[in-house]
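Novice: Protein chains in written order, with full-length UniProt numbering: chain S, 1 to 575; chain U, 1 to 424.
Encoded as structure tokens, here's the structure I'll be asking about.
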């Protein structure tokens, strides 16, 4: 064992990235591997709620207390990822008064600032709330961008010397003499496929310790060393609206139930969710009734949702875990607490710990505890600094500066860019060339796209999560080819084309669950733009060679300067 | 008192305009009403007839030969192949600035994404860019224009196997336009040929543009630009650039807002005006009266409902994109006359999992008899004096087939002509 232990962290979600940052800041050597993009799993499929803890204030007070604590930390260290919208727990006439009072006192007991507001006051805050809402409890819920947060954690880890490998799937755990000594990964990359950090191929990464932070996939990793890790994946649907019907997080104040939250998120509002146990974290049904239930049930709180435009739906899987002796039947009964499974203590297999359960809001705290645990293994005495040091983008950040003049950007686009980039705005937006808007729905400029490409290579879905480009109303219909073009200066045409197709298909996948009304019109337009105008569906570059000589060569070809043009005399009405 | 005409066409896109033109040329008193801007501004401006069969065979060299083998539900089968030819003749006559009428063979045109597509008619401005033409090509992109990255388009075109060398260069457009200027700003500057500052000297815009391109030109015989070369005077602009560069100049069709689409729309409105039709744009048809026969329709104008009555009606309001066909979570419908739109009950059957899958929604629209009268669920005509034309028709996937313009022109022609004949 060298002087500095090398830790392999598996999983590029919030937990894995948080652990990688923490360990790297404490001076350890870290390699983080992720099978897809950063946030590919559960983290990229959440509703973007920064919990105040109010949600757990009755059922799970330990979690609630942790949430409010971390809520305050994240506002501080990740200000460019957080929008403090505030939240309301609203009570409909048919909801129980007793529970409302329990929620209120629960918040007080957990140190969550909470205040009762009348129905009128709640509607003054949120005019689209249902007329018959009785009253509400206001709490400091917020919205948080999980993509930006995880990317910032990974960037910080990198700054502290960590190696971050995306699109690298763990294919085996290396076990020697009854001890985990590393991992084997397959890099899904290289020319012709996708180009980012490393060329494609298999790599054995030897490590002094392995942390399995793969959430719902933890059981899969455990299987590779014959370990039994019983994660209970539970799926939940989220439906994205094309505008923010509300600017405050709206929770339904009742014990538990599906479809009880609306989170305003950037330009959208996200409706959530359901809680249903599934067998396989990657293969489970995504059904129409789930989407319909979101809209129908949440319309009881915000009636206009019934007529509103949805742009897509997506499903996430929670990595629920409970110790083997509890045995809950209903996934909503399973604690949201997290568990640290030391496989030496638990299974007599030293060299690895798994972390399961937990919540996005407390990712940093989980990272801290895991890092303490790992450091303990090596007798390293180093303090955790992740609660105090701002993430890249959140250092000394003020949106009040006049970026419009400085970067020649028009007001709404400039403001949004700067909000997304935080303290990195200068570095990213100061370019030599012109900086046109590439994605109009989300106001993303060329400079931001180029910055994301620099950070993530040719994967346009990775560019998307870093910038929000293609995540608005048109779902890539107007901008996917533009994003692809931005790759071209650096990557070969075939790689660009593949990345473009991959992005378009990913955007289509979620939109399928929103194909009626306006979004079906949009989808029909996108389909026409790509198939009719561009012929992307029958592109000869992807298919059979074409016999060009069999087609029209024009009747004016030999005529020099356009002899057939009726306006060749300089007339004013030619085409 | 209602505003009266013999034929009332609802919709100002390619189908509606062709309908009204055909009816007017039959001698009928025609009125065309359209609500929103037509989807022509979103289309490339190319006029496709049929590029691929519903099974995906193609690109087809001769679209007319393939029409008799199309499914019976296809609009081309309703009107017949000779009508398609006649309709294209009407188009050629009304829009003489288009080419391709010298042959029944499809042309292949480069797209702004770098692919090529089969089409039957193309604007004169695109004609020097044909992909079957073997002359070497330089594509010029504008630094600020994110829709056309010339080096990428050139590399992609090369990958399609085009029979010529193609290169892309990027320039800064003269005249200090804002980084996200609309294409119409570029067009306007070239149309007016206003002077722009080039290294402290004032130079007319067309000359300034040629000066930027000239040093980039190697041995190429033709130069392609994105379709921004003027709105009012495109021919003169191309000539001016061509003269100064000593090559043929062409435009590559673009996505929305599409200047070639807008120019085509203008040309058709002008032809319709000349044919003596009355035209009203900007107000929606919101209601109608009538049982088996439509008596009148109501146009909403400043809150008032203005009755318009006619002997014959043509519904050319577009498909999902143009909002002539609409949907909600429960089903698919035609919003003005509530004509039946056949569709699967479960909305998850409307589409496929792959973006370019065999989507049912792409074929949704009204079904008609051979006289283009919309049919109800029991296959009886909805109204005896209503015909439908263009994308409001079901039974074909224009995007996959590359048949949108052809179907609009052919069914518009047939519906307009028959409506006029019946009204007389």
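Every residue gets a Cβ at the ideal spot worked out from N, C-alpha and C, and that includes glycine.
#1: Which residues in the same chain have their Cβ closer than 6 Å to the Cβ of residue 354 of chain S, if we skip the five residues on either side of it in sequence?
#2: Please tell me whether residue 538 of chain S and residue 52 of chain U are closer than 8 Å, where the distance is taken between their beta carbons.
#3: Would residue 141 of chain U be called buried (16 or more neighbouring beta carbons within 10 Å of its own) or exposed?
#4: What residues in its chain sit with their C-beta under 6 Å from that of residue 186 of chain S, if we drop five residues either side in the sequence?
#5: Within the 8 Å Cβ cut-off, does residue 214 of chain U reach chain S?
#6: I need the boundaries of the alpha helix (DSSP H) containing residue 100 of chain S, first residue and last residue.
#7: I'd like the list of long-range same chain contacts for residue 192 of chain S, defined as Cβ closer than 6 Å, with 5 residues on each side in sequence excluded.
#8: Is residue 255 of chain U close to chain S? Criterion is C-beta to C-beta, closer than 8 Å.
#9: Please determine whether the Cβ atom of residue 177 of chain U lies at a distance below 7 Å from any heavy atom of the ligand MN.
#10: Is residue 130 of chain U close to chain S, meaning its C-beta is less than 8 Å from at least one C-beta of that chain?
#11: Determine whether the beta carbon atoms of residue 99 of chain U and residue 554 of chain S lie at a separation below 8 Å.
#12: Considering only their Cβ atoms, is the gap separating residue 466 of chain S from residue 458 of chain S smaller than 8 Å?
#13: With 8 Å as the threshold, decide whether the Cβ of residue 344 of chain U is near any Cβ in chain S.
#14: If we cut at 8 Å on Cβ distances, does residue 579 of chain S have a partner in chain U?
#15: Go through its chain and collect everything with a Cβ distance to residue 43 of chain S's Cβ below 7 Å, but skip five positions before and after it.
#16: In the DSSP assignment, find the alpha helix (DSSP H) that holds residue 185 of chain U and state where it starts and stops.
#17: Output the distance between the C-alpha atoms of residue 92 of chain S and residue 241 of chain S, rounded to the nearest integer angstrom.
#18: Under 7 Å between beta-carbons, which chain S residues line up against residue 143 of chain U? List them in chain order, please.
#19: List the residues of chain S that residue 64 of chain U touches, going by C-beta distances under 7 Å, in chain order.
#20: Could you check if residue 5 of chain U is buried or exposed, using at least 16 other CB atoms within 10 Å of its CB as the buried criterion?
#21: For the region 151-178 of chain U, which residues have a beta carbon sitting closer than 7 Å to at least one beta carbon of chain S?
#22: Measuring only between beta-carbons, confirm whether residue 505 of chain S sits less than 8 Å from chain U.
#23: With residue 366 of chain U and residue 343 of chain U assumed to form a contact (beta carbons below 8 Å), what rounded beta-carbon distance in angstroms separates them?
#24: Taking residue 455 of chain S as part of the alpha helix (DSSP H), name the residues at either end of that continuous run.
#25: Just confirm the distance between the C-beta atoms of residue 48 of chain U and residue 406 of chain U, as a whole number of angstroms; I'd bet it's less than 8 Å.
#26: Going by C-alpha distance, which of S/432, S/317, S/443, S/48 is nearest residue 231 of chain S?
#27: When DSSP labels each residue in this structure, what does residue 348 of chain S get in the three-state scheme?
#28: Determine the chain S residues that contact residue 355 of chain U at a beta-carbon separation under 7 Å, and present them in chain order.
#29: Keeping to the same chain, check which residues put their C-beta closer than 7 Å to that of residue 412 of chain S; ignore five residues upstream and five downstream.
#30: Return the Cβ separation of residue 20 of chain U and residue 9 of chain U in integer angstroms, given the expectation that the two are a contact with Cβ distance under 8 Å.
#31: Which word fits residue 402 of chain S, buried or exposed, when buried means at least 16 other C-beta atoms lie within 10 angstroms of its C-beta?
#32: First and last residue of the alpha helix (DSSP H) that includes residue 652 of chain S?
#33: Across which residues does DSSP place residue 50 of chain S in a beta bridge pair?
#34: Buried or exposed: residue 164 of chain S, going by 16 or more other Cβ atoms within 10 Å of its Cβ?
#35: Taking the C-alpha atoms as reference points, what is the distance between residue 29 of chain U and residue 76 of chain U?
#36: Could you check the C-alpha separation between residue 416 of chain U and residue 357 of chain U for me, to the nearest Å?
Specialist: With the structure as the only source:
#1: Residue mapping note: residue 354 of chain S aligns to position 354 of the first chain, counting from 1. If we look at residue 354 of chain S and ignore the five residues flanking it on each side, its Cβ neighbours are 212, 218, 229, 341.
#2: To locate residue 538 of chain S, count along the first chain from 1; it is residue 538. To locate residue 52 of chain U, count along the second chain from 1; it is residue 52. Yes, the Cβ-Cβ distance between residue 538 of chain S and residue 52 of chain U is below 8 Å.
#3: In the second chain, counting from the first residue as 1, residue 141 of chain U sits at position 141. Classification of residue 141 of chain U: buried, given that the 10 Å Cβ count is 16 or more.
#4: For this step, residue 186 of chain S is matched to residue 186 along the first chain. For residue 186 of chain S, where only same-chain residues beyond five positions count, the Cβ hits under 6 Å are 169, 171, 202.
#5: Here residue 214 of chain U corresponds to residue number 214 of the second chain, with the count starting at 1. No, its Cβ sits nowhere closer than 8 Å to a Cβ of chain S.
#6: As a position in the first chain, residue 100 of chain S is number 100, starting the count at 1. From DSSP, the alpha helix (DSSP H) with residue 100 of chain S extends over 97-109.
#7: Position 192 of the first chain, counting from 1, holds the residue named residue 192 of chain S. Unreliable positioning characterises residue 192 of chain S in this predicted model, as indicated by a pLDDT of 32, which lies under 50. The coordinate reading is nonetheless provided below. Result list for residue 192 of chain S: empty, nothing under 6 Å.
#8: Here residue 255 of chain U corresponds to residue number 255 of the second chain, with the count starting at 1. Yes - at least one Cβ of chain S is within 8 Å of the one on residue 255 of chain U.
#9: The ligand content of the structure shown is nil, which means the ligand MN is not present either.
#10: Here residue 130 of chain U corresponds to residue number 130 of the second chain, with the count starting at 1. Closer than 8 Å: yes.
#11: On the second chain, position 99 is the one that residue 99 of chain U refers to. On the first chain, position 554 is the one that residue 554 of chain S refers to. Yes; because the gap between Cβ atoms is below 8 Å, this pair is in contact.
#12: If you number the first chain from 1, residue 458 of chain S lands on position 458. If you number the first chain from 1, residue 466 of chain S lands on position 466. No. Outside cutoff.
#13: Taking the second chain and counting its residues from 1, the one referred to as residue 344 of chain U is at position 344. By this cut-off, residue 344 of chain U is not an interface position.
#14: Outside the shown range of chain S, which is 1 to 575, sits residue 579 of chain S, and nothing can be said about it.
#15: For the purposes of this step, residue 43 of chain S is identified with residue 43 of the first chain, where counting begins at 1. Excluding positions up to five away in sequence, the list reads 13, 14, 146, 150, 360.
#16: Reading the second chain from its first residue, position 185 is the one you call residue 185 of chain U. Note, residue 185 of chain U: alpha helix (DSSP H), 183-192.
#17: Here residue 92 of chain S refers to the residue found at position 92 when the first chain is read from its first residue. Here residue 241 of chain S refers to the residue found at position 241 when the first chain is read from its first residue. Spanning the two alpha carbons is a distance of roughly 23 Å.
#18: Stepping through the second chain from its first residue, residue 143 of chain U is reached at position 143. Result: 433, 434.
#19: As a first step, residue 64 of chain U is located in the second chain; it is residue number 64 there, counting from the start. Simply none; closest approach about 14 Å.
#20: Residue numbering aside, residue 5 of chain U sits at position 5 when the second chain is read from its first letter. It is buried - the Cβ of residue 5 of chain U has at least 16 other Cβ atoms within 10 Å.
#21: 151, 152, 155, 156, 159, 160, 161, 162, 163
#22: If you number the first chain from 1, residue 505 of chain S lands on position 505. Closer than 8 Å: yes.
#23: In the second chain, residue 366 of chain U corresponds to position 366, counting from 1. In the second chain, residue 343 of chain U corresponds to position 343, counting from 1. 11 Å between Cβ atoms; not a contact.
#24: Within the first chain, the letter at position 455 stands for residue 455 of chain S. Residue 455 of chain S -> alpha helix (DSSP H) spans 446-456.
#25: Position 48 of the second chain, counted from the start, is the residue given in the question as residue 48 of chain U. Position 406 of the second chain, counted from the start, is the residue given in the question as residue 406 of chain U. Right, their Cβ atoms sit about 6 Å apart.
#26: If you number the first chain from 1, residue 231 of chain S lands on position 231. It is S/317 whose Cα lies nearest to the Cα of residue 231 of chain S.
#27: By one-based count along the first chain, residue 348 of chain S stands at place 348. Coil at residue 348 of chain S, not helix or strand.
#28: For the purposes of this step, residue 355 of chain U is taken as the residue at position 355 of the second chain. Per Cβ cutoff of 7 Å: 504, 505, 508.
#29: Working through the first chain from its first residue, we reach residue 412 of chain S at position 412. Excluding sequence neighbours, residue 412 of chain S sits near 443.
#30: The residue you call residue 20 of chain U lines up with position 20 of the second chain. The residue you call residue 9 of chain U lines up with position 9 of the second chain. Going by Cβ atoms, the distance from residue 20 of chain U to residue 9 of chain U rounds to 4 Å, so yes, they are a contact pair.
#31: The residue you call residue 402 of chain S lines up with position 402 of the first chain. Its pLDDT being 48, under 50, residue 402 of chain S is placed unreliably by the model, and the measurement read from it follows with that caveat. Under this definition residue 402 of chain S is an exposed residue.
#32: This structure cannot speak to residue 652 of chain S, because chain S is shown only from 1 to 575.
#33: Locating residue 50 of chain S in the first chain gives position 50, counting from the first residue. Residue 50 of chain S pairs with S/142.
#34: Position 164 of the first chain, counted from the start, is the residue given in the question as residue 164 of chain S. Under this definition residue 164 of chain S is a buried residue.
#35: Taking the second chain and counting its residues from 1, one reaches residue 29 of chain U at position 29. Taking the second chain and counting its residues from 1, one reaches residue 76 of chain U at position 76. Answer to the nearest angstrom: the Cα atoms are 27 Å apart.
#36: Taking the second chain and counting its residues from 1, one reaches residue 416 of chain U at position 416. Taking the second chain and counting its residues from 1, one reaches residue 357 of chain U at position 357. If you take the alpha carbons of residue 416 of chain U and residue 357 of chain U, they lie about 34 Å apart.
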